[in-house]
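S.K.:
Protein chains: 2
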Amino acid sequence: MNKHTNGIGRRSFLALGAAGSLAAVGDPTKVPGTPPSALGQRASHAALARVPLAGVVSYTPLQDLHGTITPADLHFERHHAGIPDIDPAEHRLIIHGLVDKSLQFTVEELKRFPAETRTCFIECSGNASEYFQSSPEVTPQLLRGLTSQSEWTGVRLKTLFAEVGVKPEARWFLAEGSDAAVLTRSIPIEKAWDDALVVYAQNGEPLRPAQGYPIRLLLPGWEGNTCVKWLRRMELSTEPFMTREETSKYTDTLADGSIRQFSFVLGPNSIITSPAYPEALNTGWMEIRGLAWSGRGKVALVEVSTDGMKTWQEAKLQGPVLSKAHTRFRMGWQWDGKATQIASRCIDETGAVQPTHAALKQKRGVGTGYHINTIVVWNVAADGRMTFKTENWS
Amino acid sequence: MNKHTNGIGRRSFLALGAAGSLAAVGDPTKVPGTPPSALGQRASHAALARVPLAGVVSYTPLQDLHGTITPADLHFERHHAGIPDIDPAEHRLIIHGLVDKSLQFTVEELKRFPAETRTCFIECSGNASEYFQSSPEVTPQLLRGLTSQSEWTGVRLKTLFAEVGVKPEARWFLAEGSDAAVLTRSIPIEKAWDDALVVYAQNGEPLRPAQGYPIRLLLPGWEGNTCVKWLRRMELSTEPFMTREETSKYTDTLADGSIRQFSFVLGPNSIITSPAYPEALNTGWMEIRGLAWSGRGKVALVEVSTDGMKTWQEAKLQGPVLSKAHTRFRMGWQWDGKATQIASRCIDETGAVQPTHAALKQKRGVGTGYHINTIVVWNVAADGRMTFKTENWS
Numbered sequence: 001m002n003k004h005t006n007g008i009g010r011r012s013f014l015a016l017g018a019a020g021s022l023a024a025v026g027d028p029t030k031v032p033g034t035p036p037s038a039l040g041q042r043a044s045h046a047a048l049a050r051v052p053l054a055g056v057v058s059y060t061p062l063q064d065l066h067g068t069i070t071p072a073d074l075h076f077e078r079h080h081a082g083i084p085d086i087d088p089a090e091h092r093l094i095i096h097g098l099v100d101k102s103l104q105f106t107v108e109e110l111k112r113f114p115a116e117t118r119t120c121f122i123e124c125s126g127n128a129s130e131y132f133q134s135s136p137e138v139t140p141q142l143l144r145g146l147t148s149q150s151e152w153t154g155v156r157l158k159t160l161f162a163e164v165g166v167k168p169e170a171r172w173f174l175a176e177g178s179d180a181a182v183l184t185r186s187i188p189i190e191k192a193w194d195d196a197l198v199v200y201a202q203n204g205e206p207l208r209p210a211q212g213y214p215i216r217l218l219l220p221g222w223e224g225n226t227c228v229k230w231l232r233r234m235e236l237s238t239e240p241f242m243t244r245e246e247t248s249k250y251t252d253t254l255a256d257g258s259i260r261q262f263s264f265v266l267g268p269n270s271i272i273t274s275p276a277y278p279e280a281l282n283t284g285w286m287e288i289r290g291l292a293w294s295g296r297g298k299v300a301l302v303e304v305s306t307d308g309m310k311t312w313q314e315a316k317l318q319g320p321v322l323s324k325a326h327t328r329f330r331m332g333w334q335w336d337g338k339a340t341q342i343a344s345r346c347i348d349e350t351g352a353v354q355p356t357h358a359a360l361k362q363k364r365g366v367g368t369g370y371h372i373n374t375i376v377v378w379n380v381a382a383d384g385r386m387t388f389k390t391e392n393w394s
Numbered sequence: 001m002n003k004h005t006n007g008i009g010r011r012s013f014l015a016l017g018a019a020g021s022l023a024a025v026g027d028p029t030k031v032p033g034t035p036p037s038a039l040g041q042r043a044s045h046a047a048l049a050r051v052p053l054a055g056v057v058s059y060t061p062l063q064d065l066h067g068t069i070t071p072a073d074l075h076f077e078r079h080h081a082g083i084p085d086i087d088p089a090e091h092r093l094i095i096h097g098l099v100d101k102s103l104q105f106t107v108e109e110l111k112r113f114p115a116e117t118r119t120c121f122i123e124c125s126g127n128a129s130e131y132f133q134s135s136p137e138v139t140p141q142l143l144r145g146l147t148s149q150s151e152w153t154g155v156r157l158k159t160l161f162a163e164v165g166v167k168p169e170a171r172w173f174l175a176e177g178s179d180a181a182v183l184t185r186s187i188p189i190e191k192a193w194d195d196a197l198v199v200y201a202q203n204g205e206p207l208r209p210a211q212g213y214p215i216r217l218l219l220p221g222w223e224g225n226t227c228v229k230w231l232r233r234m235e236l237s238t239e240p241f242m243t244r245e246e247t248s249k250y251t252d253t254l255a256d257g258s259i260r261q262f263s264f265v266l267g268p269n270s271i272i273t274s275p276a277y278p279e280a281l282n283t284g285w286m287e288i289r290g291l292a293w294s295g296r297g298k299v300a301l302v303e304v305s306t307d308g309m310k311t312w313q314e315a316k317l318q319g320p321v322l323s324k325a326h327t328r329f330r331m332g333w334q335w336d337g338k339a340t341q342i343a344s345r346c347i348d349e350t351g352a353v354q355p356t357h358a359a360l361k362q363k364r365g366v367g368t369g370y371h372i373n374t375i376v377v378w379n380v381a382a383d384g385r386m387t388f389k390t391e392n393w394s
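Chain order of the listed sequences is A and B.
So for the first sequence, the working numbering puts the first residue at 1; every next one is plus one.
So for the second sequence, the working numbering puts the first residue at 1; every next one is plus one.
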């Protein structure tokens with residue numbers, strides 16, 4: 001039988017190394033702790049924050065997060081007219097247009113329908129803004145922080161469409177938010193039959209105001225602005241509505257000068273979140289960690305290069321790998337102290353490969369601002385300092 | 001082409017029903033919203049809180065949650081001497097005893113090891129306290145709210161044990177917390193080789209102080225007190241240490257008057273979280289929803305009875321169904337307005353079945369206080385009012 005059961009004393013800690021201070025000032029075993037409370041708090045030593053910018057957007061701190069879930073208060077934001085203050089008791093969702101019977105639903109009525117829960121990401125199509133790519137001193141948060149992942153719960157849109165009875169000639173529907181921008185997007189009806197949801201919960205709790213409280217549209221794998229927040233109206237029609245957000249905005253330039261419209265699906269993407277700027281490396285073993293995702297389905301493979309994209313090795317994917325979901329990848333790496341570059345690339349289950357900057361620029365030409373999913377390359381200097389390998393989009 | 005793209009006007013809302021107030025005072029589309037921020041807030045209309053009790057425990061509001069994830073600030077708490085205030089820079093984990101080389105690790109060192117992420121529940125073995133089972137007016141929160149689920153990230157304990165080199169004769173290890181209770185439990189070493197983790201992150205973010213910041217032991221499926229919070233020491237030995245928390249506490253009475261010690265694994269369990277007290281039903285269709293879980297593996301089947309346990313029907317399980325994880329179940333039900341009782345029972349992949357109160361009482365006798373996983377029965381009165389079917393443990 002063992003001779004002591006009362007915790008390790010000061011002497012044994014001192015004998016083992018530098019932890020003597022644990023037994024000195026502030027030994028937590030010598031002071032009664034604080035009691036349970038209604039709501040837990042974060043540790044004062046573990047500050048986390050989004051970076052809000054220009055009054056319209058805030059970025060998730062990818063470099064500070066582990067696993068795949070984004071805490072709800074750190075989910076990125078992109079608003080077109082700020083966050084509305086909505087009384088859920090007054091809120092209605094109306095579905096009309098090419099339907100047998102126009103209906104409106106209260107939030108409580110929506111919650112009575114058969115529910116479904118799904119974990120997936122939402123990414124802004126303006127993620128990976130050109131604006132940040134000219135600076136070597138830029139964090140994962142600013143390079144790719146307009147993507148976040150949650151466990152969402154709501155009702156399948158096809159369930160609601162069955163209630164109103166969609167006419168056979170309907171091919172599109174309009175989704176409209178009740179913010180001051182009255183944001184509207186046209187969505188092909190196939191997405192409703194596939195996997196669209198009207199969600200009222202995120203990570204177990206009710207949606208937060210910044211995420212569309214009381215309800216938002218969720219189109220897994222499609223650009224974030226189509227996941228209309230504060231959803232109040234859907235209108236079925238034969239053709240798209242050609243709203244502002246699909247004509248003057250959210251279209252993609254191509255190299256021949258033409259414009260690609262309705263490019264809903266987000267391509268394969270990834271970023272090494274650690275190590276990354278502003279970290280400084282020591283030589284030896286570490287684990288390269290990052291996130292990969294694709295709006296086209298499951299991540300099939302993530303490859304990591306530690307020699308400036310000359311060779312690639314397969315990273316380990318954290319299961320369960322879910323469709324249209326952030327997938328954590330990890331790979332052991334022993335840094336030898338020489339200057340190099342590290343990068344990751346995502347290949348999804350459809351075979352789509354995350355492109356290099358050069359490849360995407362060749363396809364899209366200059367001035368492209370949406371659907372940028374290029375490989376992120378981090379420079380490692382001989383002194384261990386890390387920086388972003390800047391990209392020139394002009 | 002559609003004739004209007006600017007949102008639905010007041011007239012069309014009024015034409016469709018009672019939503020005219022949306023266009024009156026407080027129309028959110030007529031007021032600029034609030035800009036993005038560093039941290040999101042909950043809606044003022046969607047209050048959520050744990051119920052703290054007796055200065056030692058707080059209960060997760062199961063009836064207010066959707067899906068399977070528990071937001072970190074709503075994870076249940078059970079502390080033996082409150083929440084310690086720990087400086088992570090000073091914190092060390094020491095592993096010693098029957099090892100080749102005693103080692104201590106800083107938190108940063110632990111984070112350098114290969115990481116693993118896993119979603120599972122933690123449940124207090126004192127969940128389903130007898131105390132609440134004598135009142136018909138009791139919520140799911142108080143009946144089963146000492147279980148919560150998170151996505152945890154940390155290092156496999158077997159990775160750390162490989163570092164120190166566990167001697168072949170080691171059969172148990174002590175886990176010790178750095179709270180003022182210096183809580184200690186003895187754990188069979190097989191759990192280290194199986195799936196034990198030392199975790200530093202929860203739902204993406206650093207562990208919160210109430211959950212063991214900066215590190216806690218995570219033994220998936222085992223009673224919560226073995227998942228030692230604020231973990232600071234592990235000692236390898238040939239035999240258990242017979243600490244207070246495994247001799248005078250956390251043992252189970254049996255009907256013959258003997259005591260069962262080291263009953264680590266949590267049995268199959270479930271609860272209908274909606275409808276439940278204090279809801280009042282209307283006749284017609286609704287969805288019965290709840291959570292099921294087992295410390296023995298995956299939930300294989302959840303059956304729901306709506307006729308006082310005379311007959312059972314299979315509920316739908318929300319995938320992906322993970323091992324040792326909260327699993328959301330749902331089943332449509334049309335209430336006909338007659339008084340009845342509804343209940344759920346969980347069968348796990350090992351074939352273990354959640355017992356009735358009578359069956360468990362017969363096995364354990366009176367006075368049992370831990371590992372209560374009996375079927376929760378809700379009464380539905382003819383007027384729709386719901387109450388808990390009280391159980392007599394004396």
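Using N, Cα and C, we set each Cβ at its ideal position, and we do this for glycine too.
For clarity, every value in this text was computed on a predicted model and none was experimentally measured.
So, under 8 Å CB-CB, Val-304 (chain A) and Leu-317 (chain A) are touching, yes? Tell me the CB distance rounded to an integer number of Å.
M.R.: Position 304 of the first sequence, counted from the start, is the residue given in the question as residue 304 (chain A). Position 317 of the first sequence, counted from the start, is the residue given in the question as residue 317 (chain A). Going by Cβ atoms, the distance from Val-304 (chain A) to Leu-317 (chain A) rounds to 12 Å, so no, they are not a contact pair.
S.K.: Tell me where the beta strand (DSSP E) around Ile-347 (chain A) begins and ends.
M.R.: If you number the first sequence from 1, residue 347 (chain A) lands on position 347. First-last of the beta strand (DSSP E) with Ile-347 (chain A): 340 to 348.
S.K.: Specify, as a first and last residue, the run of the alpha helix (DSSP H) that Ile-189 (chain A) falls within.
M.R.: As a position in the first sequence, residue 189 (chain A) is number 189, starting the count at 1. Ile-189 (chain A) -> alpha helix (DSSP H) spans 189 to 194.
S.K.: If you draw a straight line from the alpha carbon of Pro-52 (chain B) to that of Met-242 (chain A), how long is it in whole angstroms?
M.R.: Taking the second sequence and counting its residues from 1, the one referred to as residue 52 (chain B) is at position 52. Taking the first sequence and counting its residues from 1, the one referred to as residue 242 (chain A) is at position 242. Those two C-alpha atoms are separated by around 53 Å.
S.K.: With which residues is Asn-379 (chain A) paired in a DSSP beta bridge?
M.R.: In the first sequence, counting from the first residue as 1, residue 379 (chain A) sits at position 379. Beta-bridge pairing links Asn-379 (chain A) to A:Gln-341, A:Thr-387.
S.K.: Would you mind working out which of A:Ala-280, A:Asp-179, A:Gln-362 sits nearest Thr-387 (chain A), comparing C-alpha positions?
M.R.: Here residue 387 (chain A) refers to the residue found at position 387 when the first sequence is read from its first residue. Taking only the C-alpha atoms, the option nearest Thr-387 (chain A) is A:Ala-280.
S.K.: For chain A, check one thing: does any of its Cβ atoms lie closer than 8 Å to the Cβ of Pro-405 (chain B)?
M.R.: Residue coverage of chain B in this structure runs from 1 to 394, which leaves residue 405 (chain B) outside it and unanswerable.
S.K.: So is Asp-195 (chain B) buried or exposed if we call it buried at 16+ other beta carbons inside 10 Å?
M.R.: Your numbering for residue 195 (chain B) matches position 195 in the second sequence. Under this definition Asp-195 (chain B) is a buried residue.
S.K.: Bridge partners of Asp-252 (chain B), per DSSP?
M.R.: As a working note, residue 252 (chain B) is residue 252 in the second sequence. Partner(s): B:Arg-260.
S.K.: Do we get a CB-CB distance below 8 Å when we pair Tyr-213 (chain A) with the residues of chain B?
M.R.: Taking the first residue of the first sequence as 1, we reach residue 213 (chain A) at position 213. Yes, Tyr-213 (chain A) lies at the interface with chain B (some Cβ there is under 8 Å from its Cβ).
S.K.: Taking the C-alpha atoms as reference points, what is the distance between Ala-175 (chain A) and Arg-216 (chain A)?
M.R.: Residue numbering aside, residue 175 (chain A) sits at position 175 when the first sequence is read from its first letter. Residue numbering aside, residue 216 (chain A) sits at position 216 when the first sequence is read from its first letter. Cα-Cα distance, rounded: 10 Å.
S.K.: Name, please, each residue of chain A whose Cβ falls closer than 8 Å to the Cβ of Gln-313 (chain B).
M.R.: Taking the second sequence and counting its residues from 1, one reaches residue 313 (chain B) at position 313. Simply none; closest approach about 15 Å.
S.K.: Just the C-alpha distance for Ala-81 (chain B) and Val-198 (chain A), rounded to the nearest angstrom, thanks.
M.R.: Here residue 81 (chain B) is taken as the residue at index 81 of the second sequence, counted from 1. Here residue 198 (chain A) is taken as the residue at index 198 of the first sequence, counted from 1. Spanning the two alpha carbons is a distance of roughly 44 Å.
S.K.: Looking only at its chain, what residues have a beta carbon closer than 6 Å to the beta carbon of Trp-293 (chain B), apart from the 5 residues adjacent to it on each side?
M.R.: What you label residue 293 (chain B) is simply residue 293 of the second sequence in a count that begins at 1. So the list reads Phe-121, Asn-269, His-326, once near-sequence residues are dropped.
S.K.: Please list, in chain order, all residues of the same chain as His-96 (chain A) whose beta carbon is under 6 Å from its beta carbon, the five residues on each side excluded.
M.R.: Against the first sequence, residue 96 (chain A) aligns to sequence position 96. Only Ser-102, Glu-235 meet the Cβ criterion.
S.K.: By Cβ distance below 6 Å, which residues in the same chain neighbour Pro-88 (chain A) in space, the five residues on each side in sequence not counted?
M.R.: In the first sequence, the residue the question calls residue 88 (chain A) occupies position 88. Only Val-107, Pro-214 meet the Cβ criterion.
S.K.: Suppose you measure from the CA of Gln-341 (chain A) to the CA of Glu-314 (chain A); what does that come to, to the nearest Å?
M.R.: Position 341 of the first sequence, counted from the start, is the residue given in the question as residue 341 (chain A). Position 314 of the first sequence, counted from the start, is the residue given in the question as residue 314 (chain A). Computed Cα separation, rounded: 16 Å.
S.K.: Pro-71 (chain B) and Gly-204 (chain A) look like a contact to me (Cβ under 8 Å); what is the Cβ gap, rounded to whole Å?
M.R.: Taking the second sequence and counting its residues from 1, the one referred to as residue 71 (chain B) is at position 71. Taking the first sequence and counting its residues from 1, the one referred to as residue 204 (chain A) is at position 204. Indeed they touch by this definition, with Cβ atoms about 6 Å apart.
S.K.: For the pair the stretch 53 to 65 of chain A and the stretch 138 to 156 of chain A, tell me if three or more CB-CB distances fall below 8 Å.
M.R.: Yes: at least three Cβ pairs fall under 8 Å.
S.K.: Just to check my reading of the structure: Asp-84 (chain B) and Asp-179 (chain B) have Cβ atoms closer than 8 Å, yes? What is that Cβ distance to the nearest angstrom?
M.R.: Numbered from its first residue, the second sequence carries residue 84 (chain B) at position 84. Numbered from its first residue, the second sequence carries residue 179 (chain B) at position 179. A quick correction: the sequence has Pro, not Asp, at residue 84 (chain B). Confirmed, about 5 Å.
S.K.: Can you find the residues in the same chain that come closer than 6 Å, C-beta to C-beta, to Cys-124 (chain B), ignoring five residues on each side of it along the sequence?
M.R.: What you label residue 124 (chain B) is simply residue 124 of the second sequence in a count that begins at 1. If we look at Cys-124 (chain B) and ignore the five residues flanking it on each side, its Cβ neighbours are Arg-78, Leu-146, Gly-224.
S.K.: Give the straight-line distance between the Cα atoms of Arg-233 (chain A) and Gly-177 (chain A), rounded to the nearest whole angstrom.
M.R.: Counted from its first residue, the first sequence places residue 233 (chain A) at position 233. Counted from its first residue, the first sequence places residue 177 (chain A) at position 177. Taking the straight line joining both Cα atoms gives about 7 Å.
S.K.: For Arg-328 (chain B), return the contacting residues in chain A, with the cut-off set at a CB-CB distance below 7 Å.
M.R.: Numbered from 1 along the second sequence, position 328 holds the residue referred to as residue 328 (chain B). Result: Thr-117.
S.K.: Under three-state DSSP, which class holds Thr-374 (chain A)?
M.R.: Walking along the first sequence from the start, residue 374 (chain A) turns up at place 374. Coil at Thr-374 (chain A), not helix or strand.
S.K.: Where in the stretch 97 to 164 of chain A do unbroken runs of the alpha helix (DSSP H), each at least 4 residues long, occur, reported from the N-terminal end onward?
M.R.: As far as the stretch 97 to 164 of chain A is concerned, its whole alpha helix (DSSP H) runs of at least 4 residues are 107 to 112, 140 to 144, 157 to 164.
S.K.: Taking Arg-112 (chain A) as the query, report the chain B residues whose CB atoms sit under 8 Å from its CB, ordered along the chain.
M.R.: Residue mapping note: residue 112 (chain A) aligns to position 112 of the first sequence, counting from 1. Within 8 Å Cβ-Cβ: Trp-285, Met-286, Glu-287.
S.K.: Taking the CB atoms as reference points, tell me whether Glu-151 (chain A) and Gly-67 (chain B) lie closer together than 8 Å.
M.R.: Sequence index remark: in the first sequence, residue 151 (chain A) carries index 151 (1-based). Sequence index remark: in the second sequence, residue 67 (chain B) carries index 67 (1-based). Taking 8 Å as the Cβ cut-off, Glu-151 (chain A) and Gly-67 (chain B) qualify as a contacting pair.
S.K.: Are any of the Cβ atoms in chain A nearer than 8 Å to that of Val-376 (chain B)?
M.R.: Numbered from its first residue, the second sequence carries residue 376 (chain B) at position 376. Not closer than 8 Å to any Cβ of chain A, the Cβ of Val-376 (chain B) fails to qualify, so no.
S.K.: Where DSSP assigns a beta bridge to Tyr-277 (chain A), which residues make up the other side?
M.R.: Taking the first residue of the first sequence as 1, we reach residue 277 (chain A) at position 277. Per DSSP, none; premise fails for Tyr-277 (chain A).
S.K.: Since Arg-364 (chain A) is in the beta strand (DSSP E), which residue starts that stretch and which ends it?
M.R.: Here residue 364 (chain A) refers to the residue found at position 364 when the first sequence is read from its first residue. Careful: Arg-364 (chain A) lies outside any beta strand (DSSP E), inside the alpha helix (DSSP H) at 357 to 364.
S.K.: Exposed or buried, what is Gln-149 (chain A) when buried is set at 16 or more other beta-carbons lying within 10 Å of its beta-carbon?
M.R.: Translated into the one-based positions of the first sequence, residue 149 (chain A) becomes position 149. When all chains shown are included, Gln-149 (chain A) counts as buried.
S.K.: Do you know offhand how far Leu-322 (chain B)'s Cα is from Leu-322 (chain A)'s?
M.R.: What you label residue 322 (chain B) is simply residue 322 of the second sequence in a count that begins at 1. What you label residue 322 (chain A) is simply residue 322 of the first sequence in a count that begins at 1. Answer to the nearest angstrom: the Cα atoms are 12 Å apart.
S.K.: Taking the C-alpha atoms as reference points, what is the distance between Asn-379 (chain B) and Gln-63 (chain B)?
M.R.: For the purposes of this step, residue 379 (chain B) is taken as residue 379 along the second sequence, with counting starting at 1. For the purposes of this step, residue 63 (chain B) is taken as residue 63 along the second sequence, with counting starting at 1. For Asn-379 (chain B) and Gln-63 (chain B), the distance between alpha carbons rounds to 16 Å.
S.K.: Given a cut-off of 8 Å on the beta-carbon distance, is the pair Lys-324 (chain A) and Gly-365 (chain A) in contact?
M.R.: Residue numbering aside, residue 324 (chain A) sits at position 324 when the first sequence is read from its first letter. Residue numbering aside, residue 365 (chain A) sits at position 365 when the first sequence is read from its first letter. Result no, Cβ atoms of Lys-324 (chain A) and Gly-365 (chain A) do not sit closer than 8 Å.
S.K.: Shorter than 8 Å from the beta carbon of Ser-37 (chain B) to some beta carbon of chain A?
M.R.: Locating residue 37 (chain B) in the second sequence gives position 37, where the first residue counts as 1. It does: the Cβ of Ser-37 (chain B) has a partner Cβ on chain A nearer than 8 Å.
S.K.: Mind checking which residues open and close the beta strand (DSSP E) that includes Met-331 (chain B)?
M.R.: Stepping through the second sequence from its first residue, residue 331 (chain B) is reached at position 331. Taken as a continuous stretch (DSSP letters only), the beta strand (DSSP E) holding Met-331 (chain B) covers 327 to 335.
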